[in-house]
Amino acid sequence: MNLMENIRLAWEGLRANKMRALLTMLGIIIGIASVIGILTVGNGLSDTVTETMGSLGASNIMVSLQEREDEYLANTMMGGEIEEENLITEEMIEALQERFPYQISGVSLSESVGAGQAKSGRDYANVTISGVNTDYLDVNSIDLIRGRDFQDRDMDGNRNVAVVSDKLVNNMFDGNIEEALGQEVVVHIGDEIYAFNIIGVYEYEASAMGYSTASEKNIQTALYIPVTTAKKLADAPEGYRNFTISASSADNSAVFATQASDFLNRYYSNNNDYRVMAISMETMLDSMDSIMSTINIALSVIAGISLLVGGIGVMNIMLVSVTERTREIGTRKALGATNGNIRIQFVVESMIVCLIGGVIGIILGTLLGYVGSSLMGAVAFPSVSSIALAVGFSLAIGIFFGYYPANKAAMLDPIEALRYE
Amino acid sequence: MAETKKPIIQMKGIVKRFYIGAPNELEILHGIDVSVWEGEFVAIVGASGSGKSTLMNIIGALDRATEGSYMLDDVVIEKAKDIELSQIRNQKIGFVFQNFNLIPRTNALKNVELPMMYAGISQRERTRRAKELLKMVGMEERMYHQPNELSGGQKQRVAIARAMANDPAIILADEPTGALDSRTGRMVMDLFHKLNKEQGKTIVLITHSNELAKETGRILTMKDGILYGDGEVTVV
Ligand SMILES: Nc1ncnc2c1ncn2[C@@H]1O[C@H](COP(=O)(O)OP(=O)(O)O)[C@@H](O)[C@H]1O
Ligand SMILES: [Mg+2]
């Protein structure tokens, strides 16, 4: 008995009842579409997160002050003013570096001045001014295209020098980096006007997490100046609420994070309000990963339930189909069909229903995943393995839920079947 | 007649009972003894409900007798397994039903191919033979038509072509003209005569019509589950 013939029969049967076939497939379509959609968006999301965090440096450790009663790191990171006497001082950081000279390859400090606009005639570029120390660009994997990094003399002299993005050069110097070096850039923040000498140009990389709809012309990039200069301009207190350590090796960074926070917390043993918290990028990546997989599992369970419901729908319609075609089954048996022939016929039919539903689901899921992942700023398509999985799953549902009706058809008594009205 | 040939059907003491609910049994066939020889055209007549179809189903290996022995073309049917019965129906029997029983949404050609498909014959060969058979029954021009596009007589001719697909030892026709008007019924009867005479097919025909029965070589009469041979009961 040949398979093509079974497929043809199933196809004819479905064509004769298009609406019913579609409704039958709906559960499978929704289930498969959501599985594919979820996997796609999930992949896009975790790629983005991993990439972003990875680009920040896998061996980095973020150190920040935390209110003692505050359970979550985030509150402090984003929270309001902290009085100067509570801040982490440069002395503490230097002591830390002296205590762990082999574990620390760099410490990055920063002080935000504010967002504004660089202007020159009709040209402009949106910027945020960030004061940074000499390690900052290195630790944060910011690549200089031309010019030089900050040096101690820039810090000590509170110099008005800046490292700007290639985007700024595009907008204000027609992309001519050579020409931009040594030039003055004038930045307006509110009523204040600041001027800096450009000493270096770095390559701007869009953060995949901070999805921006701004055009190339209006894109906002960081303009780096010496942290000492920034403190003075912003009239900021001495000390830092947070900083980043670049560990020599990513391997033990989680352990070292604990050692670093223990060391710094000795300065805070008498502080009733604040303590120091250090978390390694490794730990953050791990917890991000586990959050992702928890979300994935939860959504997959929902999709699984929808597939189960879809499968039951298929079983139901197959039972109806068997009843409707009782006489046909009797005739086939009279013509020499074995029970096995009949069983295969209906299982194939059920598999075809599920396969078509699965293919429609894959197409819809791909669209869904594409739209969903685009909205989150990282276009993603389903992987070949997830498509193969969906196809396999549809066929498995077809077999599983088609078997019982098919077996019922196979076991029909030919005489009873032929007499069926 | 044709006593020199071997019997294709040999039945001895065939009893059929139906069990309707546990204690109630209903005996429909009360011990049938009958032999049909190769090349015979036999008519079975009898009142409605007398058990003709029940007997036919047993002859056609669709149903099993409750008691008795049945040999069909050298196969002992009561000892055959279900899967062997399928094979026997496929290879040795050609059924023609009163209500045609063509497979819906499947054209005439595919319907005729069906028994050959279950026999595992190649697609090319079964198409070739199906076309040949449809030509024989005068339906070659309608071979791509679906059953619902055919008249009753046309359907029955397709069904006869289908019954002939695997060149069976015997054709069993249960009131094949019952749903047809007399003219198309005539055409169907002519086809059976042609198969019997030209190809020497053994045919067992159930009919209500005494006229049609008289055209055949031998008339058996079913009365209340007992089969009477030629001449034993002449009038229904
Ligand atoms: N499956 C069955 N269960 C119970 N009684 C049956 C069954 N099949 C047939 N009969 C009975 O057997 C009798 C003979 O039926 P049938 O062989 O179809 O008669 P005929 O074909 O001669 O008209 C009828 O009385 C019918 O009701
Ligand atoms: Mg009958």
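Protein chains in written order, with my numbering: chain A, 2 to 422; chain B, 1380 to 1615.
We treat Cβ as the ideally placed atom computed from N, Cα and C, and that holds for glycine.
Taking 6 Å as the limit between beta carbons, can you name the residues of its chain near A/A407, skipping five residues before and five after? R344, F347 and V348
Extent of the continuous beta strand (DSSP E) to which A/N127 belongs: D124 to V133
Within the 9 Å Cβ cut-off, does B/L1493 reach chain A? yes
Using a Cβ-Cβ cut-off of less than 8 Å, list which residues of the segment 401-412 of chain A approach chain B; keep chain order. none
Residue of A/L145, A/K120, A/V64 and A/R123 minimising C-alpha distance to A/E206: A/L145
First and last residue of the uninterrupted alpha helix (DSSP H) at A/F151: Unbroken run through A/F151: none, as it is neither H nor E.
Taking C-beta pairs closer than 8 Å, name the residues in chain B that A/N340 reaches, listed in chain order. D1461, I1462 and S1465
Residue nearest to A/E6 in terms of C-alpha spacing, selected from A/L365, A/N342 and A/R267: A/N342
Specify the secondary structure class of B/N1589 as computed by DSSP and reduced to three states. helix
Step through the CB atoms of chain B and report whether any lies within less than 9 Å of the CB of A/K19. no
Shorter than 8 Å, the distance from the beta carbon of B/K1602 to the closest heavy atom of ligand 2, or not? no
Nearest CA to the CA of A/V186: which residue from A/Y268, A/N271 and A/N161? A/N161
Leaving out five residues before and five after A/M412 in sequence, what residues of the same chain have Cβ atoms less than 8 Å from its Cβ? N340
Going by beta carbon distance, what residues of the same chain come within less than 7 Å of A/N3, once the five residues before and after it are set aside? none
Beta-carbon contacts of B/V1516 that lie in its chain and below 8 Å, excluding the five residues immediately before and after: R1536, V1537, I1539, A1540 and L1570
Chain A partners of B/L1574, CB-CB under 8 Å? Under the 8 Å cutoff, chain A gives no residues; its nearest Cβ is about 18 Å from B/L1574.
is_contact[B/M1543, chain A] using C-beta, thresh 9 Å: no
Under three-state DSSP, which class holds B/D1553? strand
Which residues in chain A sit within 8 Å of B/R1333, going by Cβ to Cβ distance? In the structure as shown, chain B begins at 1380 and stops at 1615. Residue 1333 of chain B is therefore absent and cannot be evaluated.
Applying the 10 Å Cβ sphere with the 16-neighbour rule, what's the burial state of A/A163? buried
Using a Cβ-Cβ cutoff of 7 Å, what residues of the segment 35-47 of chain A are near chain B? List them in chain order. none
Inter-residue Cα distance where the pair is A/G14 and A/F394: 23 Å
Which of the three DSSP states, helix, strand or coil, is assigned to A/M210? Because A/M210 sits at a pLDDT of 49, beneath the cut-off of 50, its placement in the model cannot be relied upon, and the following sentence gives the value as read from the coordinates. In the structure shown, A/M210 sits in coil (DSSP, three-state: anything other than H, G, I, E or B).
Counting contacts by CB-CB distance shorter than 9 Å, is B/Q1502 in contact with chain A? yes
Can you check whether the C-beta of A/T332 is within less than 9 Å of a C-beta belonging to chain B? yes
Return helix, strand or coil for A/G305, following the three-state DSSP convention. helix
Flag this pair as yes or no: are the beta carbons of B/I1456 and B/W1416 separated by less than 9 Å? no
Hey, how far is the Cα of A/M210 from the Cα of A/G358? Interpretation of A/M210 is limited by its pLDDT of 49, a score under 50 that renders its predicted location unreliable; the figure taken from the coordinates is listed afterwards. For A/M210 and A/G358, the distance between alpha carbons rounds to 35 Å.
Contact check, B/P1494 vs B/N1545 under 8 Å by CB: the rounded distance? 5 Å
Would you give the residue range spanned by the beta strand (DSSP E) that B/I1605 belongs to? I1605 to Y1607
Contacts of A/I416 in chain B (Cβ-Cβ under 8 Å): N1436, L1441 and D1442
Can we count B/S1427 as close to ligand 2, meaning its CB is less than 8 Å from some heavy atom? yes
Contact with chain A by B/I1388, beta-carbon distance below 9 Å: no
According to DSSP, B/A1540 sits in a beta bridge with which residue or residues? BP columns for B/A1540 are empty, so no partner.
Measuring straight from C-alpha to C-alpha, what distance separates B/P1547 and B/R1508? 14 Å
Distance, Cα to Cα, B/I1605 vs B/R1396? 13 Å
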